[in-house]
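In our numbering, each number is its position in the sequence shown, counted from 1, plus 1. Have a look at the structure below, then the notes.
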Amino acid sequence: MSNNTKILFFTPHPDDLEMGMPFTYLEAIRLGNEVVEVLMTNGEYGTTNKEFKGKRLSKIRMKEINDANAVFERGTNNKVRLVKMNYIDGFLPLNNEAIQRVTKLLQKEKPDIVFTCDPWFAQDYHEDHLNTGRLVYFSLKRLQKSQLPKRVYYYLSNKTRFYIKCRWKDFKIVEEALLQHRTQVSPMFVKMMLVFYNKLSIFRHLLKTRSSSECFREQEFKDGVPISPPRFEEMPFRTRWIYYLFSTVTLWGNKKLIDLSPEKLNLKSEYDLSDILKVKDPRYKILGTS
Ligand SMILES: [Zn+2]
């Protein structure tokens, strides 16, 4: 089965779609859309084991992402295409060059629908996740009206209004896909996560949607320009409180994994890794890696 809708799914690391929105991803493939997964970094830092960090881990994780996609393909009899942006895990930058690359990708691929991480109202403030959202957001600003996708949705968002129903019988496929990320998840973790995910979705959305669902925030546009997020002072009290909570509590986790510099791991970047926002945010300075 195939139709003419093209959907781009941006993912910061090899496992984020499976962790963040697996049911929608699966459904998009099943419906015969032209599905492209855009992988921003190669996941070189995703382990506490120093022996494995770097090229060795990224090779394993490339196999894992391909195996996970193979599970989705087998479950739907449709195909997924993977595009790699090749940034270093933990160092996905927000700068002119990176925005230009994402803009060019959007111009070339001409997607109807785009999914990416929420750049502003994020569930977790891992900087690669934020920048995956921000790069798309700032690229949208550079596109002409005729080049814009019809819809842009943010996942891993704490401010959601758009819901896509999960099918109960898909849990098996989603579990198997998650299990392919062997360096990241153990079978027990997958079981716990699915149970938790499942329960959380039900509790959070049952009243509104009467079913378990994955939730998204939609990017709004005015005259072909994406509407900017509100300034902190302009947010209603509740939103401000939630924003403060998420942006301070969930920033730190991944920093523990980035305990060696890319040079020490012999990772050379083909791209400019300087970040125009990180240098202005004092929280990142404290954690400067050496
Ligand atoms: Zn991630």
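Note that beta-carbon positions come from the ideal geometry of N, C-alpha and C, so glycine has one too. None of these values were measured; they are calculated from a predicted model.
Check, Outcome
"Element boundaries [beta strand (DSSP E), containing residue 30]", "From DSSP, residue 30 is part of no beta strand (DSSP E) but of the alpha helix (DSSP H) over 23 to 31."
"Segment contact, 8 Å Cβ cut-off, at least three pairs: the region 215 to 229 with the region 153 to 164", "yes"
"Cβ shell of residue 47 (< 7 Å), same chain only, five flanking positions each side left out", "14, 58, 62, 90, 184, 185 and 258"
"Alpha-carbon spacing of residue 1 relative to residue 100, whole angstroms", "Given that the chain is displayed from residue 2 to residue 291, the structure contains no residue 1 and the question cannot be resolved."
"Proximity below 8 Å, CB of residue 11 to CB of residue 137", "yes"
"Residue 225 versus 25, 81, 243 and 148, residue with shortest Cα-Cα distance", "148"
"Local conformation of residue 152 per DSSP, three classes", "strand"
"N- and C-terminal bounds of the beta strand (DSSP E) containing residue 39", "35 to 42"
"Expected contact under 8 Å - CB spacing of residue 9 and residue 42 to nearest Å", "Wrong, their Cβ atoms sit about 16 Å apart, outside the cutoff."
"Stretch pair the region 20 to 38 + the region 78 to 89: three plus CB contacts closer than 8 Å", "yes"
"C-beta contact flag for residue 247 and residue 126 at 8 Å", "yes"
"Beta-carbon proximity of residue 175 to residue 23, cut-off 8 Å", "yes"
"Contact set for residue 275: own chain, Cβ-Cβ below 8 Å, skip 5 residues either direction", "94 and 96"
"CA-to-CA distance, residue 114 to residue 150, given in whole angstroms", "6 Å"
"Nearest candidate by alpha-carbon position, reference residue 128, set 98, 106 and 88", "88"
"Cα-Cα separation between residue 145 and residue 50, rounded to whole angstroms", "45 Å"
"Near ligand 3: residue 13 beta-carbon under 7 Å from a heavy atom", "In terms of ligand content, the structure shown lacks ligand 3 and carries ligand 1 instead."
"Beta-carbon spacing of residue 19, residue 131 below 8 Å", "no"
"Residue environment, residue 159, which counts as buried when at least 16 other CB atoms sit within 10 Å", "buried"
"Neighbour-count burial assignment, residue 244, 16 or more Cβ in a 10 Å radius", "buried"
"Local conformation of residue 111 per DSSP, three classes", "coil"
"Residue 288 (DSSP reduced to helix, strand or coil)", "Below a pLDDT of 50, predicted positions are generally treated as unreliable, and residue 288, at 48, falls in that range; no measurement from the model is reported."
"CB of residue 84 within 8 Å of CB of residue 27, strictly", "no"
"Cβ-heavy atom distance, residue 127 to ligand 1, below 7 Å", "yes"
"Residue 260 CB to nearest heavy atom of ligand 1 below 7 Å", "no"
"Residue 119 Cβ short of 7 Å to ligand 1 heavy atom set", "no"
"Minimum length 4: unbroken alpha helix (DSSP H) runs contained in the region 41 to 128", "56 to 77 and 97 to 110"
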